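Report on the structure given below.
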Amino acid sequence: MKDKRVLYVSSEVIPYLPETDISSTSFEAAKMVNNIGGQIRIFMPRFGNINERRHQLHEVIRLSGMNLVINDLDMPLIIKVASIPKERMQVYFIDNEDYFKRKATLTDEDGNLFSDNDERAIFFAKGVIETVKKLNWSPDIIHVHGWLASLLPLYLRNYYGNEPLFKDSKIVTSVYNQSFDETLDDELREKILFDGLENSNVKHLKTPNFVNLIKTAVDNSDAVVMGGDNVPEDLKKYIDKLNKPVLPYTEKENFSHAYQEFYDTKVLSE
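Counting from -3, one number per residue, gives the positions in the sequence shown under my numbering.
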């Protein structure tokens, strides 16, 4: 993995949000690659409950200022950056006043999903890709964590399918237990089709629930990592049928070696 470029795209990363399987794995995987001489970039949403002052986030003017079209509306993209203390790793934050200012992540105080989580997911996917294009940084591996990031493989393979920067990039999706019982907005499929994608690209999203979002992500990925030991059974069966490289769930003590070997022998060798 030395000198390889790995882009981590995650809905949550410690120390900016509380520790979960997603936030800790996103951090540990990036740290592992960084420590063995790889080059990494980490992207996450700038949720309103992230303390900007404590974590010393600051806007990157040269990367901000673009408008992303979401469901026929121009939405300004703001990019912020911070450094993880002691780790020599930078984190880029995708921000927008309408989507990420509220002092919460994915649900309100009653535990209900925000009604615009579908548009936030589209904005996050497009925002990451457009920013990486501006950085002119071509990743060898793009590793996706968390369902809010799950539209990135779809957009990368289709909407940005002819982008030379990502021509040789391999996409890995991690599948976790952290799901939701509701569905996202019923219009999600139409909002994606508005961007010129084909009906076949969004076949699962007639019902935009957790399982179908992840199915869409893994359809457009080169490999899958089982990030939890209790993934929904129908999702496991679906992934098994795809005949793609799969790294089974790995306990934290064996994590570093398992990821390195999987990246080297299964992802990059494909």
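For glycine and all other residues, C-beta sits at the position ideal for the given N, C-alpha and C. Please read all numbers here as calculations on a predicted model, not as lab measurements.
Minimum C-alpha distance to G34 - residue among H51, D230, Y4 and Y12: In the sequence shown, the residue the question calls residue 34 occupies position 38. Cα-wise, what sits closest to G34 is Y4.
L169: first and last residue of the uninterrupted beta strand (DSSP E) it sits in: Here residue 169 refers to the residue found at position 173 when the sequence shown is read from its first residue. The sequence given here has Thr at residue 169, not Leu. Per DSSP, T169 belongs to the beta strand (DSSP E) from K166 to V171.
Collapsed DSSP secondary structure at K76 in the structure displayed: Along the sequence shown, one-based indexing puts residue 76 at 80. It is a strand residue.
E55 (DSSP reduced to helix, strand or coil): Start at 1 with the first residue of the sequence shown, and residue 55 comes out as number 59. Strand, per DSSP.
Limits of the beta strand (DSSP E) - the one that A268 falls within: Not covered by the structure: residue 268. The range shown for the chain is -3 to 266.
Distance between K166 and K262 (C-alpha atoms, nearest Å): Position 266 of the sequence shown, counted from the start, is the residue given in the question as residue 262. Position 170 of the sequence shown, counted from the start, is the residue given in the question as residue 166. About 10 Å.
Q35, DSSP secondary structure in three states: Position 39 of the sequence shown holds residue 35. In the structure shown, Q35 sits in a strand (DSSP, three-state: E or B).
For S265, three-class secondary structure by DSSP: The residue given as residue 265 occupies position 269 in the sequence shown. Three-state result, S265: coil.
Touch test, the segment 110 to 124 against the segment 76 to 86, Cβ-Cβ under 8 Å, three pairs minimum: no
Inter-residue Cα distance where the pair is L53 and E159: Taking the first residue of the sequence shown as position 1, residue 53 is located at position 57. Taking the first residue of the sequence shown as position 1, residue 159 is located at position 163. Looking at the two C-alpha atoms, the distance is approximately 30 Å.
Three-state class that DSSP yields for P41 in the structure shown: Position 45 of the sequence shown, counting from 1, holds the residue named residue 41. Residue state, collapsed to three classes: strand.
Where L73 falls, given that 16 or more other Cβ within 10 Å makes a residue buried: By one-based count along the sequence shown, residue 73 stands at place 77. L73 should be labelled buried.
Exposure label - S6; buried when at least 16 CB within 10 Å: Reading the sequence shown from its first residue, position 10 is the one you call residue 6. Looking at its Cβ environment, which holds 16 or more other Cβ atoms inside 10 Å, S6 is buried.
One or two residues paired with F89 in a DSSP bridge: Position 93 of the sequence shown, counted from the start, is the residue given in the question as residue 89. According to DSSP, F89 bridges with M40 and K76.
Cβ neighbour criterion (16 or more within 10 Å) applied to L144: Translated into positions along the sequence shown, residue 144 becomes position 148. L144 is buried by the Cβ-count criterion.
Cutoff 8 Å; reference L147; Cβ partners in own chain excluding five residues on either side: Within the sequence shown, the letter at position 151 stands for residue 147. Counting only Cβ-Cβ distances below 8 Å, and skipping sequence neighbours, we find A117, I118, F120, A121, I188, L209, T212 and A213.
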